[in-house]
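Residue numbers (my numbering), protein chains in the order written: chain Z, 3 to 377; chain B, 3 to 377. Presented below is the structure to which this report refers.
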């Protein structure tokens with residue numbers, strides 16, 4: 003059909019260009035396409051088989067287990083499922099936190115993804131936004147002072163393992179020490195690791211994981227790993243998950259997911275990618291991105307374009323770009339910055355081309371220094 | 003890979019067999035497979051373009067518009083999006099209802115899908131379950147009496163347009179008349195039309211739609227229409243949707259969805275199916291199911307198997323079947339009944355085969371009459 007042919011061409015072109023979204027484009031699922039002939043549905047809990055047998059539950063369990071290992075989840079006390087993306091994972095984790103501490107206050111930094119606030123509104127949870135340091139990391143002094151004023155209620159902290167704009171990582175060890183200092187016994191730490199969790203495990207100074215005392219972590223599957231369909235992982239402690247288990251005769255399953263019907267294709271896509279890569283391949287993938295990011299930093303600097311990045315990050319912040327460049331390269335842009343994200347498929351040629359277009363456009367668009375506070 | 007080959011074979015076999023789930027298997031998306039090479043993501047609101055251009059927003063808008071027409075949504079006062087399935091649509095609609103009437107009580111019948119109660123728990127909404135008539139329809143007398151005791155708070159009613167076990171349709175006209183009788187001015191009616199909404203439009207005595215005074219309707223895309231990936235439609239009035247609009251600079255979009263990242267493939271699959279079928283094709287599809295259902299009823303009866311169905315429904319209720327038959331044909335089963343659903347791909351041969359297996363197994367498994375109240 004003509005309409006669809008035209009759309010396919012547009013999608014092809016637009017995929018070639020983008021550098022501003024944390025979405026891997028180098029996946030190859032050719033050999034998985036036959037699965038799209040069938041209505042795979044991993045109804046409810048992947049660890050409980052339902053009567054609907056057209057599913058990939060077994061594969062899904064292996065995917066979750068692999069991430070449980072990667073994030074050092076406590077033996078026999080973890081549970082999870084493949085979600086439709088990072089937002090659903092966050093909603094699910096915060097739901098668990100609310101069930102544990104119904105009157106808790108949620109603390110998160112100003113650089114947190116907007117979906118956290120949206121999710122908290124859906125869940126009807128109280129929250130306080132914490133100031134952000136210039137690099138996008140949580141201002142721990144502000145966190146300490148703010149929690150100190152509310153020691154009478156449980157504390158739920160959302161730590162960003164890679165913020166959306168600067169890929170800043172909130173330090174869970176520092177957050178834990180604040181909770182200890184204030185003797186907050188009732189606490190829940192959720193990590194939003196949409197893009198950054200996997201990168202952090204291989205490049206961060208403190209590898210994120212349950213050994214640091216977190217209660218849940220979520221990540222996206224279509225970002226660093228790559229998948230045509232947005233998907234993600236929610237990984238939680240089993241004890242917290244059991245609190246919301248609900249027996250449902252209809253599917254013959256205990257449904258502890260948010261979604262109910264869940265596509266069985268995403269788990270296969272993730273399994274396939276992880277199987278091909280292995281832990282070693284994941285590490286190489288991270289290294290490749292870090293090398294590209296280093297190249298981009300050097301190239302920007304050499305061409306007089308102000309640039310900056312967090313340690314261990316693959317996101318590079320540059321001054322806000324004019325609309326044409328934003329749209330062509332699909333650069334997410336906030337008031338004082340645009341960014342590019344050096345995903346595995348970003349090439350040096352693309353960076354060179356972007357630099358050429360930015361410098362051709364002239365430096366008139368660079369903001370005055372005080373508006374670009376990282377320099 | 004061997005593991006995946008084995009899974010594919012299992013999925014193929016299991017898809018061939020199932021008769022108990024309302025999932026169409028006759029979709030053909032061969033020509034859409036090239037789209038699975040690309041990370042399509044319809045971030046946020048489909049009616050607002052974001053900077054992430056690898057999307058199918060335009061196609062999605064047309065799909066929503068087609069359903070807005072089908073369900074007679076008020077001109078210039080409708081909005082919607084393609085969801086990951088019926089449950090998400092229900093969560094979204096109830097979220098809108100809560101934002102409109104934060105202290106409202108939600109009424110739904112005992113035959114309602116379990117996800118409604120789960121969603122209400124997530125949203126922290128109060129609810130009262132209404133008794134069910136033997137056919138699975140809401141007991142309107144009980145609804146009237148119960149609302150009469152709570153006239154001081156807004157009323158939110160979830161009407162089933164096809165319950166999961168007996169495909170019973172709650173009568174919105176009767177529900178409206180109860181609200182009028184009790185002079186409940188603050189009310190919201192949501193219709194859960196997962197499987198039944200499309201069937202009802204073509205076979206029901208009162209075609210469901212916004213002309214009856216409903217506020218939202220949701221349906222599944224992978225059920226009656228067919229899609230490998232579970233998906234659905236949430237269709238609401240624009241006025242209610244605008245209440246929760248939230249400006250987000252990150253994506254350059256107003257995100258009024260629950261999910262955020264949404265796959266762009268499901269809208270293409272739905273568009274493709276609707277485009278091929280047209281309204282006429284949809285009607286023929288419903289007619290075909292009704293004819294198969296009639297054949298099944300006659301065949302069951304001829305072979306001494308108690309059976310029953312609601313008027314205009316394609317779901318046939320039979321006594322609860324032994325575990326082997328439940329599992330082989332993937333029949334959803336509750337205490338007093340199993341059911342088969344005469345989806346478009348169910349053939350007379352399959353029905354004959356099922357009847358043969360049931361009768362071979364002997365009538366020992368048929369429950370005593372008083373436990374199968376429809377006869």
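Here a beta-carbon is modelled for each residue, glycine too, at the ideal position from N, C-alpha and C.
Note down the Cα distance separating residue 377 (chain B) from residue 298 (chain B), rounded to an integer number of angstroms.
In the second chain, the residue the question calls residue 377 (chain B) occupies position 375. In the second chain, the residue the question calls residue 298 (chain B) occupies position 296. Confidence is the limiting factor: at residue 377 (chain B) the pLDDT is only 49, short of 50, which leaves the residue's position unreliable and the question unanswerable from this model.
Practice item. Would you be able to state if there are at least three C-beta pairs under 8 Å between the stretch 70-88 of chain B and the stretch 167-176 of chain B? Key: no
Using only CA atoms, which one of Z:103, Z:277, Z:141, Z:114 lies nearest to residue 127 (chain Z)?
Taking the first chain and counting its residues from 1, one reaches residue 127 (chain Z) at position 125. Residue 127 (chain Z) has its Cα closest to that of Z:103, out of Z:103, Z:277, Z:141, Z:114.
Starting from the Cα of residue 212 (chain B), find the closest Cα among B:70, B:112, B:129, B:6 and give me that residue. If you number the second chain from 1, residue 212 (chain B) lands on position 210. Measuring from the Cα of residue 212 (chain B), the nearest candidate turns out to be B:70.
Against residue 58 (chain B), what residues of chain Z qualify as contacts under a CB-to-CB distance less than 7 Å, listed in chain order?
Position 56 of the second chain, counting from 1, holds the residue named residue 58 (chain B). The contacting residues are 9.
Review point. Going by Cα to Cα distance, which pick from Z:28, Z:40, Z:323 is closest to residue 31 (chain B)?
Key: Position 29 of the second chain, counting from 1, holds the residue named residue 31 (chain B). Taking only the C-alpha atoms, the option nearest residue 31 (chain B) is Z:40.
Between the CA atoms of residue 53 (chain B) and residue 249 (chain B) - distance to the nearest angstrom
Taking the second chain and counting its residues from 1, the one referred to as residue 249 (chain B) is at position 247. Taking the second chain and counting its residues from 1, the one referred to as residue 53 (chain B) is at position 51. Confidence at residue 249 (chain B) is low in this model, with a pLDDT of 48, below 50, so the placement of that residue is unreliable and no value is reported for it.
- Item | Beta-carbon separation (whole angstroms), residue 191 (chain Z) vs residue 215 (chain Z), contact threshold 8 Å | Counting from one through the first chain, the residue named residue 191 (chain Z) turns up at place 189. Counting from one through the first chain, the residue named residue 215 (chain Z) turns up at place 213. Indeed, because the Cβ distance is near 7 Å, the residues count as touching under 8 Å.
### Message
I need the DSSP call for residue 109 (chain Z), collapsed to helix, strand or coil.
### Response
Translated into the one-based positions of the first chain, residue 109 (chain Z) becomes position 107. Three-state result, residue 109 (chain Z): strand.
Got a sec: is the Cβ-Cβ distance from residue 87 (chain B) to anything in chain Z below 9 Å?
Locating residue 87 (chain B) in the second chain gives position 85, where the first residue counts as 1. Cβ-Cβ to chain Z under 9 Å: yes for residue 87 (chain B).
Inset, instruction - Note down, in chain order, every chain Z residue with its Cβ under 9 Å from the Cβ of residue 99 (chain B). - result: Taking the second chain and counting its residues from 1, one reaches residue 99 (chain B) at position 97. Near residue 99 (chain B) there are no residues of chain Z at all, since even the closest Cβ is about 13 Å away, more than 9 Å.
At 9 Å on the CB atoms, spell out the chain Z contacts of residue 67 (chain B), in chain order. As a first step, residue 67 (chain B) is located in the second chain; it is residue number 65 there, counting from the start. Those do not exist, as residue 67 (chain B) stays about 14 Å from chain Z at its closest Cβ, beyond 9 Å.
Are the C-beta of residue 351 (chain Z) and some C-beta of chain B separated by less than 9 Å?
Residue 351 (chain Z) sits at position 349 when you count from the first residue of the first chain. Residue 351 (chain Z) does not count as touching chain B.
Report the partner residues of residue 336 (chain Z) according to the DSSP bridge assignment. Counted from its first residue, the first chain places residue 336 (chain Z) at position 334. Z:339.
Determine whether the beta carbon atoms of residue 73 (chain Z) and residue 276 (chain Z) lie at a separation below 9 Å.
Position 71 of the first chain, counting from 1, holds the residue named residue 73 (chain Z). Position 274 of the first chain, counting from 1, holds the residue named residue 276 (chain Z). Taking 9 Å as the Cβ cut-off, residue 73 (chain Z) and residue 276 (chain Z) do not qualify as a contacting pair.
Q.
Can you confirm whether residue 3 (chain Z), when its beta carbon is compared against all beta carbons of chain B, has any partner nearer than 9 Å?
A. On the first chain, residue 3 (chain Z) is found 1 positions in, with the first residue counted as 1. Yes, residue 3 (chain Z) counts as interfacial toward chain B.
Report task. Using a threshold of 9 Å, state whether the C-beta atoms of residue 291 (chain B) and residue 302 (chain B) are closer than that. Result -> Here the question's residue 291 (chain B) lines up with position 289 in the second chain. Here the question's residue 302 (chain B) lines up with position 300 in the second chain. No; because the gap between Cβ atoms is not below 9 Å, this pair is not in contact.
- Item | Cβ-based neighbour list, residue 110 (chain Z), same chain, cut-off 6 Å, excluding 5 preceding and 5 following | Taking the first residue of the first chain as position 1, residue 110 (chain Z) is located at position 108. So the qualifying residues of the chain are 118, 160.
>> Strictly below 8 Å CB to CB, what residues from chain Z border residue 194 (chain B)?
In response: For the purposes of this step, residue 194 (chain B) is taken as residue 192 along the second chain, with counting starting at 1. In chain order: nothing, as chain Z lies at least about 12 Å away.
Based on Cα-Cα distance, which residue from B:124, B:138, B:156 lies nearest to residue 105 (chain B)?
-> Reading the second chain from its first residue, position 103 is the one you call residue 105 (chain B). The shortest Cα separation from residue 105 (chain B) among B:124, B:138, B:156 belongs to B:156.
Across the stretch 43-59 of chain Z and the stretch 332-350 of chain B, are there enough close Cβ pairs to call them in contact, namely three or more that are closer than 8 Å?
yes
Nearest candidate by alpha-carbon position, reference residue 64 (chain B), set B:271, B:339, B:94: Stepping through the second chain from its first residue, residue 64 (chain B) is reached at position 62. For residue 64 (chain B), the nearest C-alpha among the options comes from B:271.
- At a Cβ threshold of 9 Å, is residue 17 (chain B) touching chain Z? Looking up residue 17 (chain B) in the second chain gives position 15. Yes - at least one Cβ of chain Z is within 9 Å of the one on residue 17 (chain B).
For residue 233 (chain Z), the three-state DSSP class (helix, strand or coil)
Within the first chain, numbered from 1, the residue matching residue 233 (chain Z) stands at position 231. Three-state DSSP puts residue 233 (chain Z) in coil, outside helix and strand.
How about residue 273 (chain Z) and residue 61 (chain Z): are their beta carbons less than 9 Å apart? Here the question's residue 273 (chain Z) lines up with position 271 in the first chain. Here the question's residue 61 (chain Z) lines up with position 59 in the first chain. In this structure, residue 61 (chain Z) lies closer than 9 Å to residue 273 (chain Z) by Cβ.
Task: Span separating the alpha-carbon of residue 147 (chain B) from that of residue 139 (chain B) - done: Walking along the second chain from the start, residue 147 (chain B) turns up at place 145. Walking along the second chain from the start, residue 139 (chain B) turns up at place 137. Cα to Cα, residue 147 (chain B) sits roughly 16 Å from residue 139 (chain B).
Inset, instruction - Give, in chain order, every unbroken run of the beta strand (DSSP E) that is at least 3 residues long and sits entirely within the stretch 177-207 of chain Z. - result: 189-194
Tell me, please, which residues DSSP counts as bridged to residue 140 (chain B). The sequence position of residue 140 (chain B) within the second chain is 138, counting from 1. The partner list for residue 140 (chain B) (beta bridge, DSSP) reads B:134.
**Asked** Do residue 86 (chain Z) and residue 261 (chain Z) come within 9 Å of each other at the CB atom, strictly closer than that value?
**Response** Residue numbering aside, residue 261 (chain Z) sits at position 259 when the first chain is read from its first letter. Residue numbering aside, residue 86 (chain Z) sits at position 84 when the first chain is read from its first letter. Cβ atoms of residue 261 (chain Z) and residue 86 (chain Z): closer than 9 Å.
ask   = At a Cβ threshold of 9 Å, is residue 313 (chain Z) touching chain B?
value = As a working note, residue 313 (chain Z) is residue 311 in the first chain. No, residue 313 (chain Z) does not count as interfacial toward chain B.
CB-CB under 7 Å to residue 95 (chain B), same chain, minus the five flanking residues each way: which ones, in chain order? Here residue 95 (chain B) refers to the residue found at position 93 when the second chain is read from its first residue. Around residue 95 (chain B): 192, 218, 220, 236, 238.
Among Z:359, Z:231, Z:341, Z:265, which residue has its Cα nearest to the Cα of residue 21 (chain Z)?
Locating residue 21 (chain Z) in the first chain gives position 19, counting from the first residue. Nearest of Z:359, Z:231, Z:341, Z:265 to residue 21 (chain Z), Cα basis: Z:341.
message: Tell me which residues of the stretch 25-38 of chain B have at least one Cβ-Cβ distance to chain Z shorter than 9 Å, keeping chain order.
response: 25, 26, 27, 29, 30, 31, 32, 33, 34, 35, 36, 37, 38
key: chain Z contact residues for residue 126 (chain B), given Cβ-Cβ distances below 8 Å   = As a working note, residue 126 (chain B) is residue 124 in the second chain. Those within 8 Å of residue 126 (chain B) in chain Z are 125, 126.
Against chain Z, does residue 215 (chain B) count as a neighbour if the rule is that its beta carbon must be under 9 Å from one of theirs?
Locating residue 215 (chain B) in the second chain gives position 213, counting from the first residue. No, residue 215 (chain B) lies away from the interface with chain Z (no Cβ there is under 9 Å from its Cβ).
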